[in-house]
Amino acid sequence: MADNYLEKKMEAFHSLPSSAAQAKKNKTTLNKLLLKNRSHRGYDPKVVVREDHLRDIVSVVTKIPQACNQQCLRYRLVTPAEAHKILPLLKFGAALPELNLPFPGTEPQAFIICCAPNENKLTYMDLGIAAQSMLLRATEMGLNGICIGAFQKEKIIQAFDLPLTPLLVLAIGKGIEDIRLTEIRENEDHKYYRENGVHYVPKVCLNDLLLG
Ligand SMILES: Cc1cc2nc3c(=O)[nH]c(=O)nc-3n(C[C@H](O)[C@H](O)[C@H](O)COP(=O)(O)O)c2cc1C
């Protein structure tokens with residue numbers, strides 16, 4: 020009986036694709052999306068992001084994990100008609116202050132204001148999962164975006180008459196920047212920088228991310 024059980028388990032194990040093969044099969048899409056999903060601070064003014072695009076992006080939130088399944092985050096869509104109310108309240112590219120990003124004429128025109136009734140640890144974890152999921156969906160749709168955590172909170176509450184606290188703003192649009200990742204060791208400078216119009220983002224290599 021016990022032998023038979025093990026035999027069946029082994030058969031089941033071997034009939035599954037190896038985890039490496041599985042990973043290879045799935046990797047293409049996820050890896051491509053992750054690489055494309057860069058933080059853009061300049062957007063094509065000719066590409067208009069509509070409300071239905073924003074609704075599509077937020078719809079991923081109906082499929083993601085949330086701590087205790089609390090689902091307390093709420094989202095205010097900001098279409099181009101209202102962009103002027105939020106743009107002056109956001110800070111882009113604090114590491115490159117001399118550039119005053121975004122360059123005039125390339126400002127994002129659509130936003131998602133992520134709000135919550137409280138600011139506890141679990142809410143922030145939920146926020147991270149939601150934000151990255153939404154940005155990945157935007158990337159899948161051929162758009163780009165960026166998380167903006169540096170904003171004038173009280174003024175945004177006022178401008179949009181928000182009943183909840185804004186925790187993060189996503190800007191959405193068709194990015195026009197040439198953004199490339201570079202690999203660094205953990206003790207090297209993490210600051211993003213620009214050279215000849217290319218935006219470089221240093222990322223710590225895998226070996227230095229692993230403990231032990
Ligand atoms: C939670 C969070 C808040 C951020 N806030 C800002 C911000 O206020 N302004 C900004 O220009 N970029 C902001 N960023 C974008 C980061 O600077 C960006 O993710 C980082 O430079 C790495 O670039 P990458 O997203 O292309 O990998 C934020 C990113 C995250 C995840």
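Going by this note's numbering, the final residue of the sequence shown carries number 231, and the count climbs one at a time with no gaps. The C-beta atom is built at its ideal place from N, Cα and C for all residues, glycine as well.
DSSP beta-bridge partners of residue i
{"i": "residue 178", "result": "Its beta-bridge partners do not exist; DSSP assigns none."}
{"i": "residue 217", "result": "197 and 214"}
{"i": "residue 185", "result": "134"}
{"i": "residue 129", "result": "191"}
{"i": "residue 95", "result": "132"}
Nearest residue (CA-CA) to residue i, options the options
{"i": "residue 188", "options": "92, 224 and 206", "result": "92"}
{"i": "residue 158", "options": "228, 190 and 216", "result": "190"}
{"i": "residue 197", "options": "205, 163 and 175", "result": "163"}
{"i": "residue 58", "options": "174, 178 and 150", "result": "150"}
{"i": "residue 178", "options": "103, 192, 220 and 160", "result": "103"}
Close Cβ partners of residue i (< 6 Å) along its chain, the five nearest in sequence each way excluded
{"i": "residue 21", "result": "Because residue 21 carries a pLDDT of 46, less than 50, the predicted location of this residue cannot be relied on, and no value is offered for it."}
{"i": "residue 170", "result": "108, 109 and 188"}
{"i": "residue 76", "result": "153, 156 and 157"}
{"i": "residue 224", "result": "202"}
{"i": "residue 111", "result": "60, 120 and 121"}
Residue burial classification, residue i (beta-carbon count within 10 angstroms, cutoff 16)
{"i": "residue 128", "result": "buried"}
{"i": "residue 153", "result": "buried"}
{"i": "residue 122", "result": "exposed"}
{"i": "residue 168", "result": "exposed"}
Coarse secondary structure for residue i, derived from DSSP in three states
{"i": "residue 109", "result": "strand"}
{"i": "residue 192", "result": "strand"}
{"i": "residue 65", "result": "coil"}
{"i": "residue 202", "result": "strand"}
{"i": "residue 88", "result": "helix"}
Contacts around residue i, its chain only, beta-carbon distance under 8 Å, and the 5 residues preceding and following it disregarded
{"i": "residue 146", "result": "92, 133, 135, 186 and 187"}
{"i": "residue 99", "result": "67, 68, 128 and 129"}
Sequence-distant residues of its chain with Cβ nearer than 7 Å to residue i (five each side left out)
{"i": "residue 106", "result": "126"}
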